[in-house]
Ligand SMILES: [Zn+2]
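See below:
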C-alpha cells in the first residue's frame, strides 16, 4: 500500500464504532497469524529448497491451488506445497493454526480449543494430535550429573474408542490397587537430571534392558543415579556404570548426603498428574502425546505459540 493511501486508511479509522473496531482488530489478528505461519514455511523452501519426496534441491514454482503456492521437483517430477512432509500437511484452515497453538500453550481441553478457534471437535482432535507428533519425539540428548529416576502409574483407558475390548471402569470406581503389573495400569518412567533435562515414556515392562535401550547414548558415564529400591534401577546402574544412590522411603530415608533424592522427579510427576486432570482422563494410546506436550511446556522457553510452530517445521524423521 502506498503512503498516501495508508494515511487515508488511518484517518478513516477515526469514524469507527466499537463493533467495527473489534471487527478490524480480529481481521488484523487473523491476517497476521495466517500470513506469518504459512509464510515461514514458504520462506524455508526459498532459503533451503528441498523436495520432500526425493530431497533434491531443484524445485520450481508450479501454479497455485486454492491460493496456495505449489512446487514441482525437477528430479522426481512430483508436486508439493510448503507444508508437505511436515506434520501440518493436508490440514485445512491454516489461518487458525496459530490460534490453536495458543490454545495448546494454554493447555485448553479439546472442546474449549474448538470453540476458541471456531473449528469442529473432530478438527480440534486431529490438530491436537498432529501438532503433538514432534514434541512427542523430542527427548533430551543428554542426562548428566545427579539424575533422578522413578516410575508412576496411570489407569489403563480406552476413552473414546468405539469398540471397547474391556469393560469401561465406572466413574468413581477405584482401579484395583493390587497387582500394579496387571493390565489395569500403564507404567511411565521419568528420568530427570538437575538441569531439568527430562526423559519419560510409557513401558510395557520396566526392565533394565528396556531402559538401557531407551536411554542409550544419553546418560553420561560419570553420573549418579538416584532412585528407590526397585531392582531394575540397581541393574540399570550396574549395566551403565553409574554410581547408584538408593533411597528407602518406607524406612524414612528420603535424602542421602543432603543432595541425593528423587524429589524433583516426584514433583514432576505430581505436576503432570494435576495437569492431566484438566483433560478428564486421557486414552492410553495418546498418553505419550500428552507426556511429550508436558515435557515441551516444562521448558519455559517453549511457552509461546511460535516455539510450537517452529518445531512443526522440522520434517519427521530428520
Ligand atoms: Zn523430488
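In our numbering, the protein residues as written are 2 to 319. Positions of the beta carbon are idealized from the N, C-alpha and C atoms, including for glycine.
### Message
Only counting the same chain, and skipping five residues up and downstream in sequence, which positions put a Cβ closer than 6 Å to that of residue 90?
### Response
84
### Task
Give me the Cα-Cα distance between residue 80 and residue 51, rounded to the nearest whole angstrom.
12 Å
### Message
Using C-beta distances below 8 Å, list every residue in its chain close to residue 287, excluding the 5 sequence neighbours before and after it, in chain order.
### Response
Closer than 8 Å at Cβ, skipping near neighbours: 130.
### Query
DSSP beta-bridge partners for residue 153?
189.
### Message
Considering Cα atoms alone, identify which of 158, 193, 111, 302 is closest to residue 145.
### Response
Among 158, 193, 111, 302, the Cα nearest to that of residue 145 belongs to 193.
### Those residues, in chain order, that have a beta-carbon closer than 5 Å to some heavy atom of ligand 1
52, 54, 55, 57, 74, 76, 77
### Message
Under DSSP, the beta strand (DSSP E) around residue 63 begins and ends at which residues?
### Response
Element bounds for residue 63: 60 to 66.
### Message
Pop quiz: residue 188 and residue 217 are said to be a contact at Cβ under 8 Å. What is the actual Cβ separation, rounded to whole angstroms?
### Response
Contact flag wrong, Cβ pair sits at about 19 Å.
### Query
Under a three-way DSSP split, which group does residue 261 fall into?
In the structure shown, residue 261 falls within a strand segment according to DSSP collapsed to helix, strand and coil.
### Message
If distances are taken between C-alpha atoms only, which option among 18, 258, 292, 28 comes closest to residue 147?
### Response
258
### Query
Of the choices 157, 211, 138, 239, whose alpha-carbon is the least far from that of residue 222?
That would be 239, whose Cα lies nearest to the Cα of residue 222.
### Task
Taking 8 Å as the threshold, find out whether the segment 121 to 136 comes into contact with the segment 105 to 113 through three or more Cβ pairs.
Because the criterion of three Cβ pairs below 8 Å is met, the segment 121 to 136 and the segment 105 to 113 touch.
### Message
Based on DSSP bridge pairs, tell me the residues matched to residue 71.
### Response
82
### Task
Locate the alpha helix (DSSP H) running through residue 116, then write down its first and last residues.
111 to 118
### Nearest to residue 125 (by Cα), restricted to the options 137, 141, 100, 143
100
### Query
What residue from 291, 269, 115, 235 has the CA that sits closest to residue 198's CA?
269
#### Entry: Three or more C-beta pairs below 8 Å linking the segment 5 to 20 and the segment 67 to 76
No, the segment 5 to 20 is not in contact with the segment 67 to 76.
### Message
Taking 8 Å as the cut-off, does the segment 198 to 216 touch the segment 225 to 244 (at least 3 CB pairs, one atom from each stretch)?
### Response
yes
### Query
Three or more beta-carbon pairs under 8 Å between the segment 290 to 306 and the segment 133 to 145, yes or no?
yes
### Query
Between the Cα of residue 123 and the Cα atoms of 137, 202, 93, which residue gives the shortest distance?
93
### Task
Starting from residue 245, trace the alpha helix (DSSP H) both ways and give me its first and last residue.
Segment 244 to 247 is the beta strand (DSSP E) holding residue 245; no alpha helix (DSSP H) there.
### Task
Throw me the rounded Cβ distance for the residue 88 and residue 313 pair, which I believe falls under 8 Å.
Between residue 88 and residue 313, the beta carbon gap of about 5 Å places them in contact (Cβ cut-off 8 Å).
### Message
Spatial neighbours of residue 63 within its chain, please: C-beta separation below 6 Å, excluding the five flanking residues on both sides.
### Response
71, 72, 73, 80
#### Entry: Residues that residue 250 bridges to, as DSSP identifies them
DSSP output for residue 250 lists no bridge partner at all.
### Query
To the nearest angstrom, how far is it from the Cα of residue 1 to the Cα of residue 57?
In the structure displayed, the chain extends from 2 to 319; residue 1 sits before or after that span and is not available.
### Query
According to DSSP, is residue 208 helix, strand or coil?
coil
### Proximity to residue 241 [Cα-Cα], best of 231, 40, 225, 252
225
### Task
Ignore the nearest five residues each way along the sequence and tell me which others in residue 282's own chain have a CB closer than 6 Å to its CB.
158, 160
#### Entry: Where residue 196 sits in the DSSP three-state scheme
coil
### Pairwise C-alpha distance: residue 86 and residue 21
Their Cα atoms are separated by approximately 40 Å.
### Query
Grouping DSSP H, G and I as helix and E and B as strand, with all else coil, what is residue 226?
strand
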